[in-house]
Amino acid sequence: AAVPGRNGVAVRAFMASTAASDAMQEKRVAGEYTAANVQVLEALDGVRKRPGMYIGSTGPRGLHHLVYEILDNAVDEAQAGYATEINVVFHDDNSVSVTDNGRGIPTDIHPQTKKSCVETVLTLMHAGGKFGGSTSSYSVAGGLHGVGLSVVNALSEALEVTVCRDGKEYRQHYSRGKPLTTLSSTTLPDESSRQGSCIRFWPDKEIFTTTIEFDFSTISSRIRELAFLNPELTITLTKEEQDAQVQHNEYCYAGGLVEYVAWLNNDKKPLHDPIAFRKELDGIIVDVSLQWCSDSYSDTVLGYANSIRTVDGGTHIEGLKTSLTRTINSFAKKSKIMKDKDISLSGEHVREGMTCIISVKVPNPEFEGQTKTRLGNPEVRRIVEQSVQENLTEYLELHPDVLDSILSKSLNALKAALAAKRARELVRTKSVLKSSSLPGKLADCASSNPAESEIFIVEGDSAGGSAKQGRDRKFQAILPLRGKILNIERRDEAAMYKNEEIQNLILGLGLGVKVHVVLF
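Note that full-length UniProt numbering has the sequence shown beginning at 1, numbered continuously upward.
Laid out in structure tokens, this is it:
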């Protein structure tokens, strides 16, 4: 028991408090924070310490991001008007090389670093020629921070750079961000006109948590996008195999975005030919191609900024959707198809069945994060809205049949949404254990306690009969359903809710119904 001490404070409590205080003091001493505790990481050590900040992850996604960084640099040369060919090779030693026929990385001595420009951009963060201004060699570029090439170098067990320019071939070898050799050069034959850069790298096994293996289809999908976005560019992808089998694909699409939309809608039923237009204003270029299909009930909107896929959208996507909805509604008010002029089509209804590609070229893009998943330039939204409204209005005025088909498609989408809403209302209040009628051929259980009840969904009446014979009626229910209930890929939401088998599922399982959200 505690012994009363001075002022009524228990001795045991006092001793415990003192012990805790001493422990805290020791912890503070052990955790002192002074200048000696501050680490200064040299050169590219910070990249190796926190690679996920630069490539997203150390798994397959980050591994493939290394290829994208080098590939995007080569595409920047094409966007600048200097490169026409890019070759990507998966070598059988798990290395990747990316070669372009652009101007080649400068090899002269940089005035600030006193090193070759090649070594400067490969070993220093934020060293590059794409920061804009009068000294920039690129009017438009996907690489902005001057970190892509140096990050790949830092995360590679080995890297080899080859540059051809001014009649010479330059080479240098690196390992984990540090140069192993100096920049050497050899003179090319007089008849040679070789020019460009080649980066070959071996990802570092110490960094990546996954097996070093590049997926051919993943990289080919990205290359196909780049070829569609840059119609004057040819990109080849080759995979060397140890068994002498070689995969080789070549990508060149002179039709650009129009061909891209047609490729995406290859297995669909288009309502019209792809619509395409371009606008340049204040140095920003907007390219759009779109097409509606009768047998599609969802939209596909892909956005790119300086050939970088903005998977999280951005101001260009927002401007496109807003202007598209406003323009179609403007026509709907004047059309005979829309008998009720008070009805306003939402963006969801307007875009149903639409496939759209928007590509913007922005001199000074504002991307969110190093992986550039979202565009943030507010001025881009204004220019995109203006471009879509002007060009789409002009096209639809000249093609009234296309306008009628788009309006009919949008109106049907609205009707289907209303029908689906009514269907949802019919089942929203139903409960699995408190239903006025049993769905379909449900053999219910006796228990009304959800915690102990279970339901078996079986295919066909024969399986249902066998299941009923072997069940425990107290807590086991059986619901026979017809096989292959409904292929909803090409059916709208209303058709789904009208389907008897799906209704039986909703009623039998007591499923909730999703909330109907209308976006712009």
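A virtual CB, placed ideally from N, CA and C, is assigned to each residue, including glycine. Keep in mind it's a predicted model, so treat the numbers as computed, not measured.
Alpha carbon to alpha carbon, how far is residue j from residue i? Give it in angstroms, no decimals.
{"i": "T209", "j": "P60", "result": "8 Å"}
{"i": "T234", "j": "F456", "result": "55 Å"}
{"i": "F214", "j": "F90", "result": "8 Å"}
{"i": "V311", "j": "E32", "result": "44 Å"}
{"i": "V458", "j": "I478", "result": "7 Å"}
{"i": "L44", "j": "A35", "result": "22 Å"}
{"i": "P189", "j": "V40", "result": "47 Å"}
{"i": "T393", "j": "I343", "result": "20 Å"}
{"i": "P51", "j": "N266", "result": "39 Å"}
{"i": "S387", "j": "A158", "result": "47 Å"}
{"i": "Q503", "j": "A417", "result": "17 Å"}
{"i": "A154", "j": "I223", "result": "24 Å"}
{"i": "H110", "j": "P400", "result": "60 Å"}
{"i": "L183", "j": "P363", "result": "32 Å"}
{"i": "G177", "j": "Q389", "result": "49 Å"}
{"i": "T325", "j": "E348", "result": "9 Å"}
{"i": "L433", "j": "E454", "result": "A caution first: L433 carries a pLDDT of 44, below 50, which makes its placement in the model too unreliable to give a value."}
{"i": "P450", "j": "G465", "result": "24 Å"}
{"i": "L271", "j": "P378", "result": "33 Å"}
{"i": "S294", "j": "G353", "result": "7 Å"}
{"i": "R309", "j": "K49", "result": "27 Å"}
{"i": "E397", "j": "S335", "result": "12 Å"}
{"i": "S150", "j": "H126", "result": "9 Å"}
{"i": "Y304", "j": "I383", "result": "15 Å"}
{"i": "T84", "j": "R165", "result": "16 Å"}
{"i": "Y138", "j": "N230", "result": "16 Å"}
{"i": "I212", "j": "S193", "result": "35 Å"}
{"i": "R482", "j": "D444", "result": "18 Å"}
{"i": "Q469", "j": "Q476", "result": "11 Å"}
{"i": "L519", "j": "A413", "result": "Only weak support is given to the placement of L519: the predicted model assigns it a pLDDT of 40, under 50, and the value that follows is read from those uncertain coordinates. Distance between the alpha carbons of L519 and A413: 14 Å."}
{"i": "T322", "j": "K269", "result": "26 Å"}
{"i": "L281", "j": "R374", "result": "21 Å"}
{"i": "M53", "j": "V47", "result": "8 Å"}
{"i": "K415", "j": "T123", "result": "60 Å"}
Give me the residue from the options with the minimum Cα distance to residue i.
{"i": "K239", "options": "L233, G255, V258 and T218", "result": "T218"}
{"i": "S289", "options": "L149, Y395, Q39 and Y497", "result": "Y395"}
{"i": "Y260", "options": "M125, E157 and L226", "result": "L226"}
{"i": "F216", "options": "Q476, F475, H64 and T58", "result": "H64"}
{"i": "V350", "options": "T373, W202, L320 and N153", "result": "L320"}
{"i": "Q247", "options": "N230, S220 and G256", "result": "S220"}
{"i": "N509", "options": "N487, P480 and T186", "result": "It is worth fixing the name first, because residue 509 is Leu in this sequence and not Asn. It is P480."}
{"i": "Q242", "options": "Y174, D93 and P450", "result": "D93"}
{"i": "P203", "options": "W292, T315, S175 and S335", "result": "S175"}
{"i": "residue 538", "options": "T373, E280 and D287", "result": "Given that the chain is displayed from residue 1 to residue 520, the structure contains no residue 538 and the question cannot be resolved."}
{"i": "I207", "options": "S57, Q291, K361 and F367", "result": "S57"}
{"i": "P106", "options": "S296, T162, V96 and H316", "result": "T162"}
{"i": "S115", "options": "T181, L411 and D100", "result": "Contrary to the premise, residue 115 reads as Lys rather than Ser in this sequence. For K115, the nearest C-alpha among the options comes from T181."}
{"i": "F367", "options": "K409, H316, S410 and D340", "result": "H316"}
Flag residue i as yes if its beta-carbon sits less than 7 Å from any beta-carbon of chain C, otherwise no.
{"i": "L507", "result": "The chain inventory of the structure shown lacks chain C, comprising one protein chain alone."}
Which same chain residues end up closer than 7 Å to residue i when comparing Cβ atoms and leaving out the 5 residues on each side of it in sequence?
{"i": "S462", "result": "none"}
{"i": "Y82", "result": "G102 and R103"}
{"i": "residue 526", "result": "Nothing can be reported for residue 526, as the shown portion of the chain is limited to 1 through 520."}
{"i": "S185", "result": "K168, E169 and Y170"}
Give me the Cβ distance between residue i and residue j, rounded to the nearest whole Å; I'm assuming they're in contact under 8 Å.
{"i": "N73", "j": "G148", "result": "6 Å"}
{"i": "Q79", "j": "S405", "result": "Incorrect: roughly 35 Å between the Cβ atoms, too far for contact."}
{"i": "S359", "j": "L257", "result": "6 Å"}
{"i": "M496", "j": "L486", "result": "6 Å"}
{"i": "V118", "j": "Q172", "result": "6 Å"}
{"i": "T187", "j": "K168", "result": "6 Å"}
{"i": "L283", "j": "G376", "result": "Note that residue 283 is Gly in the sequence shown, not Leu. Not confirmed; about 17 Å, so no contact."}
{"i": "A446", "j": "R473", "result": "6 Å"}
Near residue i, which residues of its chain fall below 6 Å by C-beta distance, leaving aside the five closest residues on each side in sequence?
{"i": "L264", "result": "T355"}
{"i": "A467", "result": "F456, V458 and I478"}
{"i": "T236", "result": "N87 and E250"}
{"i": "E318", "result": "R381"}
{"i": "I55", "result": "G62 and H65"}
{"i": "I285", "result": "K361"}
Go through its chain and collect everything with a Cβ distance to residue i's Cβ below 8 Å, but skip five positions before and after it.
{"i": "A141", "result": "D76, Q79, A80, K130 and N306"}
{"i": "V152", "result": "L66, E69, I70, L159, I199 and F201"}
{"i": "N329", "result": "S344, L345 and V350"}
{"i": "L407", "result": "I328, F331, A332, S335, I337 and M338"}
{"i": "T298", "result": "The question names Thr, but residue 298 in the sequence shown is Ser. Taken in chain order, the residues that qualify are E352 and G353."}
{"i": "Q195", "result": "N101, G102, R103, G104, C164 and R165"}
{"i": "K279", "result": "I285, V286, I383, Q386, S387, E390 and N391"}
Just checking residue i against the ligand PLP - is the residue's beta carbon closer than 6 Å to any of the ligand's heavy atoms?
{"i": "I285", "result": "Within the structure as shown, the ligand PLP is missing, as the structure has no ligands at all."}
Next item on the list: Note down, one range per segment and in chain order, each beta strand (DSSP E) of at least 3 residues found wholly within the stretch 179-261.
Entry: List check, beta strand (DSSP E) in window: 184-187, 196-203, 234-240 and 246-251.
Checklist line | 4-residue-minimum alpha helix (DSSP H) runs that sit fully inside the stretch 336-393, ordered along the chain | finding: For the stretch 336-393, whole alpha helix (DSSP H) runs of length 4 or above, ordered along the chain, are 347-350.
Next item on the list: Starting from the N-terminal side, write out each stretch of the beta strand (DSSP E) that is 3 residues or longer and does not extend beyond the stretch 307-331.
Entry: Counting only runs of 3 or more, we get nothing.
Notebook entry, point to check: What runs of the beta strand (DSSP E), each 3 residues or longer, lie entirely inside the stretch 82-132?
Noted result: Correct list: 85-90 and 96-100.
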